[in-house]
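Data block below; observations after.
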Amino acid sequence: NAGVTQTPKFQVLKTGQSMTLQCAQDMNHNSMYWYRQDPGMGLRLIYYSASEGTTDKGEVPNGYNVSRLNKREFSLRLESAAPSQTSVYFCASSVTGTGSTGELFFGEGSRLTVL
Amino acid sequence: AQSVTQLDSQVPVFEEAPVELRCNYSSSVSVYLFWYVQYPNQGLQLLLKYLSGSTLVKGINGFEAEFNKSQTSFHLRKPSVHISDTAEYFCAVSVLRGYSTLTFGKGTMLLVSP
Chain L
1 NAGVTQTPKF
11 QVLKTGQSMT
21 LQCAQDMNHN
31 SMYWYRQDPG
41 MGLRLIYYSA
51 SEGTTDKGEV
61 PNGYNVSRLN
71 KREFSLRLES
81 AAPSQTSVYF
91 CASSVTGTGS
101 TGELFFGEGS
111 RLTVL
Chain Z
1001 AQSVTQLDSQ
1011 VPVFEEAPVE
1021 LRCNYSSSVS
1031 VYLFWYVQYP
1041 NQGLQLLLKY
1051 LSGSTLVKGI
1061 NGFEAEFNKS
1071 QTSFHLRKPS
1081 VHISDTAEYF
1091 CAVSVLRGYS
1101 TLTFGKGTML
1111 LVSP
């Protein structure tokens, strides 16, 4: 029972390099999210996709792009990485619509270091 | 918009002692409330949630939380902690909008020592 799977788990980049974080969920959830976690800051929403075919900015979208590839997959791209993007990134998914409580199901995180 | 305040960034406690982690929220509409736990180098997992009904909610690993609407609080408690409870705990609030609008507090690190 995989739940939410993120790849890669660890990545080191140099300033200016690009990379894509991949996320897939097998719970048939409509909504998917990308958060970043920094010490003392809690979790901050970068982008979300309320349903397949839609994406919206969250609290801290600058420097990121996302793609909702299909219902299962939601990727996060850093076009030109900066040291300020050193963080742990979490993908999450949730049920949408009737019966939804807002509960999120998280992946195990991707630790990104930008030198 | 809703917001969450976790009043303590770090709570040190001895093993077998009781603990309370405090959480206050702000919202102009009805909310759902959650506590998540994050063990070192792991993702977040749900500890418990308040949706409606009884204001005392029981979760996994012996934790419980009480929803207090008048004080807009949702404090987490455990009567006797173990070393294995050492983790970061996040309070979160959600309003219904068809998709999740979960807003997190900044977290409380629970440090249990022998």
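Respectively, the protein sequence lines represent chains L and Z.
Going by the working numbering, the first residue of the first sequence is number 1, and it counts up by one from there.
Going by the working numbering, the first residue of the second sequence is number 1001, and it counts up by one from there.
All C-beta atoms in this analysis are idealised placements derived from N, C-alpha and C, irrespective of residue type, glycine included.
Residue closest to residue i, alpha-carbon to alpha-carbon, out of the options
i	options	result
Val-4(L)	Arg-72(L), Met-19(L), Gln-37(L) and Ser-67(L)	Arg-72(L)
Leu-1110(Z)	Thr-1005(Z), Pro-1018(Z), Gly-1043(Z) and Ser-1094(Z)	Pro-1018(Z)
Pro-8(L)	Ser-75(L), Asp-26(L), Gly-97(L) and Gln-37(L)	Ser-75(L)
Cys-91(L)	Leu-13(L), Ser-84(L), Arg-44(L) and Gly-40(L)	Arg-44(L)
Ala-1092(Z)	Leu-1102(Z), Ser-1084(Z) and Ile-1083(Z)	Leu-1102(Z)
Gln-6(L)	Ala-24(L), Glu-52(L), Met-19(L) and Thr-20(L)	Ala-24(L)
Met-41(L)	Phe-10(L), Ser-80(L), Glu-59(L) and Gly-107(L)	Glu-59(L)
Thr-20(L)	Arg-68(L), Val-95(L) and Ser-100(L)	Arg-68(L)
Interface partners of residue i on chain L, CB under 7 Å
i	result
Thr-1101(Z)	Gly-102
Lys-1106(Z)	Gly-40, Met-41 and Gly-42
Amino acids of chain Z, ordered along the chain, whose beta-carbon sits closer than 8 Å to that of residue i
i	result
Ser-90(L)	The residue asked about is misnamed: residue 90(L) is Phe in this sequence, not Ser. Those are Gly-1043 and Leu-1044, listed as they occur along chain Z.
Within-9 Å CB hit, residue i to chain L
i	result
Phe-1034(Z)	yes
Leu-1051(Z)	yes
Val-1013(Z)	no
Ser-1113(Z)	no
Val-1095(Z)	yes
Beta-carbon proximity check, residue i vs residue j, cutoff 9 Å
i	j	result
Tyr-48(L)	Tyr-64(L)	no
Ser-110(L)	Ser-31(L)	no
Lys-1078(Z)	Ser-1009(Z)	no
Phe-1032(Z)	Glu-103(L)	According to the sequence shown, residue 1032(Z) is Tyr rather than Phe. Yes.
Tyr-1089(Z)	Leu-1056(Z)	no
Tyr-14(L)	Val-88(L)	Here residue 14(L) is Lys; the residue named in the question, Tyr, does not match the sequence. Not closer than 9 Å, so no.
His-1075(Z)	Glu-1016(Z)	no
Val-1095(Z)	Ser-1027(Z)	yes
Beta carbon proximity, residue i to chain Z, threshold 9 Å
i	result
Leu-43(L)	yes
Glu-108(L)	yes
Ser-94(L)	yes
Chain-ordered neighbours of residue i on chain L, where CB pairs are closer than 8 Å
i	result
Ser-1030(Z)	Within 8 Å Cβ-Cβ: nothing; Ser-1030(Z) doesn't reach chain L, min ~12 Å.
Phe-1090(Z)	Gly-42 and Leu-43
Proximal residues of chain L, C-beta to C-beta of residue i below 9 Å
i	result
Ser-1009(Z)	Gly-40
#### Entry: Start-end ranges of the beta strand (DSSP E) lying completely within the segment 54 to 88 of chain L, minimum 3 residues
Segments of the beta strand (DSSP E) lying fully in the segment 54 to 88 of chain L: 64 to 68 and 74 to 78.
### Any beta strand (DSSP E) of 3 or more consecutive residues that is wholly inside the segment 1055 to 1079 of chain Z
Listed in chain order, they are 1056 to 1058, 1064 to 1068 and 1073 to 1078.
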